[in-house]
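Novice: This is the structure I want to talk about, given as structure tokens.
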């Protein structure tokens, strides 16, 4: 029953539609009215759509005068759409620079018949800055002649602001990366360097751009041991997917530098390690300071031991020496004088070692007074030259004008003699010791340079350590005493070595910072 009713309704509807269509065919005027109604309905729908679009939509004639523009224009410009009708942008009072760009774009679209796509900015009467993505589309009539053009303006102000913010952040990040003292690099799976900052140039002297797109295997100008260490640690990060931390040393332009390195994996979407971000921080100052503190601790320990037992040991030694001298004078012992002399010499040597021990004492009193370092050196020259002549060696001195310093003359004499004697021992016959003084960067520098074969790298690290010596009959206290004396004068010792010789720089601080600055002589090391 229900099926019959539905069928009846469908039949009536079809009959009505067919009747209407037949009626319209028989009555063209009725059909025309129907089409007009459909067109008006569509126009209303399109108008509602266009006027509520979030973008500015408009039509201009070939004179660039507005035929239509939607109301959105008022939101950005403060000018109603009605005020634009029949006017160009310039006639509507838009800014000159804005008008110049649009006039050129309209001219291009009308003359070429091609779309124009560009960006434009605009500052309204309230001083608000807007950016637009603009598009002009020529419109043709039935004779294929351009009669008008549609244009759209999409507000991209937020996008531009975000773009500018990202650019500023990129610039700030780039400035931070390029000016940080740390060496920062990025390495991909093939061990290729995709980025490295300019800090590498300060270490190696090679421009950063010459490292880009090279693998670690292609860096032939770099230290081999360092490269091998980096290869192992980078590969480990790619395999384990975990950060890696290690320390290394590098023979840079200014000598051996120590670094703390950290490698962090950078993951791709699939969870694999695509790149390794690497940082190397120069810890040379920290390393040297740590070494210096450890060395001073050892010096202080030895000094304290010497101060506590030195006198107790010296007293019985003095007694033994006296009895040996007295016994050597007896007639029955004359034949054994050689042995007595050897024993006395050995006691004297032991006594001198104890004296050196006492020089290491941390709390040893110093008698500082304003003294000329140059005068101390000049007074020692005859003694030092006499020692050098015996071994057919030369001592040369070049003393620049320097201010007086607060010095303990006896200790400074000992320091200079120790350094000069070490230099003489390091050279073959015919070698020259150069002693120089100069003022540089608020310090007075004393330089003692020899022409030996330099100090090996492994030994250089132990310089100044008590009891460490490379001499067959050395005590290992000469340089330790020098470091202790320098420490009591708030001075520092900086050795620089090469296969052509070694120079010890002793740097004394100057309290008066207005002192004249003298450049140091060039050391041949």
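Numbering (full-length UniProt numbering), first residue to last: 1 to 525.
Quick reminder that beta carbons are idealized off the backbone N, C-alpha and C, glycines included.
Over the uninterrupted alpha helix (DSSP H) stretch that includes residue 164, give me the two end residues.
Specialist: Translated into the one-based positions of the chain shown, residue 164 becomes position 164. Looking at the DSSP string, the run of the alpha helix (DSSP H) that includes residue 164 is 157-179.
Novice: Rounded to whole angstroms, what's the CA-CA distance from residue 518 to residue 436? Just pull it up for me.
Specialist: Position 518 of the chain shown, counted from the first residue, corresponds to residue 518. Position 436 of the chain shown, counted from the first residue, corresponds to residue 436. In this predicted model, residue 518 has a pLDDT of only 43, less than 50, meaning its place in the structure is not dependable; the value taken from the coordinates is given anyway. Computed Cα separation, rounded: 12 Å.
Novice: Grouping DSSP H, G and I as helix and E and B as strand, with all else coil, what is residue 88?
Specialist: Residue numbering aside, residue 88 sits at position 88 when the chain shown is read from its first letter. If DSSP states are grouped into helix, strand and coil, residue 88 belongs with coil.
Novice: By the three-class DSSP mapping on this structure, what secondary structure does residue 219 have?
Specialist: Taking the first residue of the chain shown as position 1, residue 219 is located at position 219. The answer is coil: DSSP assigns residue 219 none of H, G, I, E or B.
Novice: Cα-Cα, which of 106, 89, 107 is closest to residue 99?
Specialist: For the purposes of this step, residue 99 is identified with residue 99 of the chain shown, where counting begins at 1. Per the Cα distances, 89.
Novice: Just the C-alpha distance for residue 488 and residue 482, rounded to the nearest angstrom, thanks.
Specialist: Counted from its first residue, the chain shown places residue 488 at position 488. Counted from its first residue, the chain shown places residue 482 at position 482. Straight-line Cα distance between these residues: approximately 10 Å.
Novice: When DSSP builds the beta bridges, which residues end up paired with residue 129?
Specialist: Numbered from its first residue, the chain shown carries residue 129 at position 129. Paired residue(s): 123.
Novice: Taking the straight line between their C-alpha atoms, what separation do you get for residue 209 and residue 378?
Specialist: Here residue 209 refers to the residue found at position 209 of the chain shown. Here residue 378 refers to the residue found at position 378 of the chain shown. Near 53 Å, if we compare the C-alpha coordinates of residue 378 and residue 209.
Novice: Would you list the residues sitting across from residue 446 in a DSSP beta bridge?
Specialist: Looking up residue 446 in the chain shown gives position 446. In the DSSP output, where bridge partners are listed per residue, residue 446 has 437, 506.
Novice: Tell me the DSSP secondary structure of residue 511 in three-state form.
Specialist: Stepping through the chain shown from its first residue, residue 511 is reached at position 511. In this structure, residue 511 counts as coil in the three-state DSSP scheme.
Novice: Quick one, which of 244, 202, 236, 264 has its alpha-carbon nearest residue 186's?
Specialist: As a working note, residue 186 is residue 186 in the chain shown. Measuring from the Cα of residue 186, the nearest candidate turns out to be 264.
Novice: How would you label residue 506, buried or exposed, when you count the other beta carbons within 10 angstroms and need 16 or more for buried?
Specialist: On the chain shown, position 506 is the one that residue 506 refers to. It counts as buried.
Novice: Closest to residue 115 by CA distance: which of 121, 104, 233, 123 is it?
Specialist: Counting from 1 along the chain shown, the entry for residue 115 is found at position 115. For residue 115, the nearest C-alpha among the options comes from 104.
Novice: Measure the beta-carbon distance from residue 394 to residue 388 and round it to whole angstroms, keeping in mind my assumption that it falls under 8 Å.
Specialist: If you number the chain shown from 1, residue 394 lands on position 394. If you number the chain shown from 1, residue 388 lands on position 388. 6 Å between Cβ atoms; contact.
Novice: With H, G and I counted as helix, E and B as strand and the rest as coil, what does DSSP make of residue 211?
Specialist: By 1-based counting over the chain shown, the position of residue 211 is 211. Note: residue 211 maps to coil in three-state DSSP.
Novice: Just checking my contact of residue 168 with residue 203 at CB under 8 Å: how many whole Å lie between their CB atoms?
Specialist: For the purposes of this step, residue 168 is taken as residue 168 along the chain shown, with counting starting at 1. For the purposes of this step, residue 203 is taken as residue 203 along the chain shown, with counting starting at 1. Going by Cβ atoms, the distance from residue 168 to residue 203 rounds to 30 Å, so no, they are not a contact pair.
Novice: For residue 479, count neighbouring Cβ atoms within 10 angstroms of its own Cβ and tell me buried if that reaches 16, exposed if not.
Specialist: Numbered from its first residue, the chain shown carries residue 479 at position 479. Looking at its Cβ environment, which holds 16 or more other Cβ atoms inside 10 Å, residue 479 is buried.
Novice: For residue 2, which of helix, strand or coil comes out of DSSP?
Specialist: Looking up residue 2 in the chain shown gives position 2. Reliability of the predicted coordinates at residue 2 is poor, the pLDDT of 48 falling under 50, and no value is obtained from them.
Novice: For residue 61, report the span of its alpha helix (DSSP H) as first-last.
Specialist: Locating residue 61 in the chain shown gives position 61, counting from the first residue. No alpha helix (DSSP H) holds residue 61; the beta strand (DSSP E) holding it covers 56-61.
Novice: Report yes if the C-beta distance between residue 246 and residue 261 is below 8 Å; otherwise report no.
Specialist: Along the chain shown, one-based indexing puts residue 246 at 246. Along the chain shown, one-based indexing puts residue 261 at 261. Contact: yes.
Novice: Just checking my contact of residue 485 with residue 439 at CB under 8 Å: how many whole Å lie between their CB atoms?
Specialist: Numbered from 1 along the chain shown, position 485 holds the residue referred to as residue 485. Numbered from 1 along the chain shown, position 439 holds the residue referred to as residue 439. At roughly 20 Å, the Cβ-Cβ gap does not stay under 8 Å, so residue 485 and residue 439 are not in contact.
Novice: Please return the same chain residues whose Cβ sits closer than 7 Å to the Cβ of residue 138, not counting the five positions on each side in sequence.
Specialist: Here the question's residue 138 lines up with position 138 in the chain shown. Once the five neighbours on either side are set aside, the close Cβ partners of residue 138 are 109, 110, 113, 146, 149.
Novice: Assign residue 410 to one of three DSSP states: helix, strand, or coil.
Specialist: For the purposes of this step, residue 410 is identified with residue 410 of the chain shown, where counting begins at 1. Helix.
Novice: I'd like the span of the beta strand (DSSP E) that includes residue 333, first residue to last.
Specialist: As a working mapping, residue 333 is identified with position 333 in the chain shown. That residue, residue 333, is in no beta strand (DSSP E); it is neither H nor E in DSSP.
Novice: Kindly indicate if chain D contains any beta-carbon less than 8 Å away from that of residue 128.
Specialist: Checking the listed chains, one finds no chain D in this structure; it contains a single protein chain.
Novice: If you draw a straight line from the C-alpha of residue 175 to the C-alpha of residue 200, how long is it?
Specialist: Position 175 of the chain shown, counted from the start, is the residue given in the question as residue 175. Position 200 of the chain shown, counted from the start, is the residue given in the question as residue 200. So the two alpha carbons sit approximately 15 Å from each other.
Novice: Buried or exposed: residue 144, going by 16 or more other Cβ atoms within 10 Å of its Cβ?
Specialist: Taking the chain shown and counting its residues from 1, the one referred to as residue 144 is at position 144. Under this definition residue 144 is an exposed residue.
Novice: By Cβ distance below 7 Å, which residues in the same chain neighbour residue 371 in space, the five residues on each side in sequence not counted?
Specialist: Here residue 371 refers to the residue found at position 371 of the chain shown. Answer for residue 371: 404, 405, 407, 409, listed in chain order.
Novice: Using alpha carbons as the reference points, say which of 280, 125, 97 lies closest to residue 74.
Specialist: Looking up residue 74 in the chain shown gives position 74. With distances taken between Cα atoms, residue 74 lies closest to 125.
Novice: Where does residue 123 land, buried or exposed, given buried means 16+ other C-beta within 10 angstroms?
Specialist: Taking the chain shown and counting its residues from 1, the one referred to as residue 123 is at position 123. Label assigned to residue 123: exposed.
Novice: Based on the DSSP secondary-structure assignment, which residues constitute the bridge partners of residue 139?
Specialist: On the chain shown, position 139 is the one that residue 139 refers to. In the DSSP output, where bridge partners are listed per residue, residue 139 has 148.
Novice: Under 8 Å between the Cβ atoms of residue 321 and residue 376?
Specialist: Position 321 of the chain shown, counted from the first residue, corresponds to residue 321. Position 376 of the chain shown, counted from the first residue, corresponds to residue 376. Contact: no.
Novice: Taking the CB atoms as reference points, tell me whether residue 197 and residue 183 lie closer together than 8 Å.
Specialist: In the chain shown, residue 197 corresponds to position 197, counting from 1. In the chain shown, residue 183 corresponds to position 183, counting from 1. Yes, they are a contact pair.
Novice: Work out the CA separation of residue 172 and residue 52 for me, nearest whole Å.
Specialist: Against the chain shown, residue 52 aligns to sequence position 52. Against the chain shown, residue 172 aligns to sequence position 172. If you take the alpha carbons of residue 52 and residue 172, they lie about 41 Å apart.
Novice: Pull the bridge partners of residue 265 from the DSSP assignment, please.
Specialist: The residue you call residue 265 lines up with position 265 of the chain shown. Residue 265 pairs with 276.
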